[in-house]
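Residue numbers (the UniProt record's numbering): 37 to 475.
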Amino acid sequence: SDAIAMHIAIIGTGYVGLVTGACFAEFGVNVTCVDKDAAKIALLEDGRVPIYEPGLDVLIEKNRRAGRIHFTTDLKAAVHRALVVFIAVGTPPNPDGSPDLSQVEAVAAQIAEALDGYKVIVTKSTVPTGTGQAIRRVMEECCPAGASFSVASNPEFLREGDAINDFMHPERIVIGCEDPQANAILRDLYAPLIQTGVPLVATTVETAELIKYASNAFLAVKISFINDLALLCDRLGCDVLDVARGMGLDSRIGSKFLSPGPGYGGSCFPKDTRALAHLARSHQHRLRIVEAGIAINDDMHEAMLGKIKTLLGEPYTDKVAGMLGLTFKPETSDLRESPAMAIAAAIRRLGVTLRASDPVAIPEAATLLPDVTFCEDPYETAAGCDLLIIATEWNLYRRLDLERLREVMRTPAIADLRNVCDPMQARRAGFRYLGVGRR
Ligand code: UGA
């Protein structure tokens, strides 16, 4: 088949669906993005992008003008045109930690009803091992006579804020698929990347599903390891950044994902670690390291609050704190499972008056945090404060003018939850300073 002429459909115009759609369109594939949310589709047809991801608006606009990416609520028409249908709908967590797969299953049934001829149905959403099988069963029930399909798993490894680059320059492509015909079609779709030498891991649907969970859980555990060690460094008077550097230069360990902070957040790590631990337990196995990683992450908020209390001192109700950064990491507007937001709420519960700032997330944060004064820039945030808390490492907060901060603050103190300041410099500038595992 000819990759240039290939038509694909992507069901779900969330983060993963839009990035995947825009990037395949950029490769010359004809992409139809489908969503049941008519307002979102209207917005996209109007050339606007409902999420903040650097470069995504430009990429969508370019390919929209070239006629390679379309937006519709008509799932049936999109499936008719497509050879490959990606499922990229949400899998929000259930109270027990397992993901809610009702949207995935509903979409699978709708795709099956729309089938004509042969198509490859691919899960992009992160789903537990066994979901591919479940999709196959749902589809077999709804599939009209004469139609046929293969089910495949093709997990994504996109980071928010870097998603386009991660798609265009992946370190691997994982395709889980037992059927040779479907395998050939997916390899063809990814040919522009495979040809440039990106390694392909070809395996079963179940194993591909597990690779995604295992990768996210390993990274989450790596963060919890360095966070736990940072708290020990606080007690020992060691510098965790030197420890991380000394460890990370061993290529078996690697230097990435060893930055201590207030704990991992976002829509992936917290959810996927819990889902994997839940999956293991439902198979009579306990993934003890993953469970420990989750417990450490849960404890990080309390540990950060401890530093904040130390610097503020009682009575808390007389104190004013300023928080810089609210998103779960820089270069995203995503507040989901953001440690900054959890810590902000805990600070408010202490009775501390809170001022806060963020380069992109203030409008949404304001709906979640009542009784917080939102400010435009770091210096306005710090005005009259007894403590400045750096909660997310936006570049804007990496070179703060300490003199200017000290002049506007009531009491000069910094809780640097992302280790962006130099502790010596901050102390020389007259601040009481606590980082995470810094001397
Ligand atoms: C993560 C994975 O990195 C992607 O590969 C994966 O595709 C994605 O989840 C997903 O499952 O969809 P993302 O959630 O966008 O991507 O964010 P990361 O950049 O991985 O950061 C996650 C959290 O860990 C952030 O809160 C960040 O501040 C924290 N982190 C990261 C640390 O605290 N320390 C580090 O050293 C690294």
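Built from N, CA and C at the ideal position, the CB exists for glycine as well. Fair warning: this is a prediction, and the values are worked out from it, not measured in the lab.
- In this structure, residue 163 lies away from residue 147, with their beta-carbon atoms at least 7 Å apart.
- Within the model, the alpha-carbon separation for residue 279 versus residue 309 is close to 26 Å.
- Inter-residue distance for residue 417 and residue 239 is about 51 Å (C-alpha atoms, whole angstroms).
- Distances from the CA of residue 124 to each of 160, 141 and 98 were compared; the closest alpha carbon is that of 160.
- Excluding the 5 residues flanking it on each side, residue 62 has same chain C-beta neighbours closer than 7 Å at 95 and 99, in chain order.
- A heavy atom of the ligand UGA is found nearer than 6 Å to the CB of residue 196.
- Secondary structure note for residue 43: its beta strand (DSSP E) is the uninterrupted segment 43-47.
- Relative to the non-hydrogen atoms of the ligand UGA, the Cβ of residue 387 never comes closer than 6 Å to any of them.
- When DSSP states are grouped into helix, strand and coil, residue 402 belongs to the helix group.
- Rounded to whole angstroms, the gap between the alpha carbons of residue 200 and residue 346 is 41 Å.
- In this structure, residue 361 keeps its C-beta atom at 7 Å or more from the C-beta atom of residue 447.
- Within 10 angstroms of the beta-carbon of residue 311 lie 16 or more other beta-carbons, which makes it buried.
- Along the region 234-287, the alpha helix (DSSP H) occurs as fully enclosed runs of 4 or more residues at 241-272 and 276-284, listed in sequence order.
- Residue 118 and residue 205 do not touch by the CB rule: their CB atoms are close to 26 Å apart, not below 8 Å.
- Looking only at 50, 48 and 475, the smallest Cα-Cα distance to residue 270 is reached by 475.
- Judged by the Cβ position, residue 160 fails to qualify as a neighbour of the ligand UGA at the 6 Å threshold, every heavy atom of the ligand being at least this far.
- Taken from the Cβ of residue 48, every heavy atom of the ligand UGA lies 6 Å or farther away.
- Sorting 301, 443 and 48 by C-alpha distance to the C-alpha of residue 72 places 48 at the top.
- Taking residue 372 as the centre and dropping the five residues before and after it, the same chain places the C-beta of 301, 302, 303 and 364 closer than 8 Å to its C-beta, in chain order.
- At a cut-off of 6 Å, the beta-carbon of residue 469 does not count as near the ligand UGA: no heavy atom of the ligand is closer than that.
- Below 8 Å, enough C-beta pairs join the region 374-392 and the region 325-341 to call them touching: three or more.
- The closest heavy atom of the ligand UGA lies less than 6 Å from the beta carbon of residue 295.
- In this structure, residue 57 places its C-beta atom within 7 Å of the C-beta atom of residue 67.
- In this structure, residue 296 lies near residue 473, with their beta-carbon atoms less than 7 Å apart.
- Excluding sequence positions up to five before and after residue 108, its CB lies within less than 7 Å of the CB of 68, 70, 77 and 114, all in the same chain and listed in chain order.
- The ligand UGA has no heavy atom closer than 6 Å to the beta-carbon of residue 284.
- Three or more beta-carbon pairs separated by less than 8 Å link the region 217-224 to the region 144-158, which places the two stretches in contact.
- The Cβ-Cβ distance between residue 145 and residue 178 falls below 7 Å.
- Close CB contacts of residue 325 within its chain, under the 8 Å cut and outside five residues either way in sequence, are with 257 (chain order).
- In the structure shown, residue 337 falls within a helical segment according to DSSP collapsed to helix, strand and coil.
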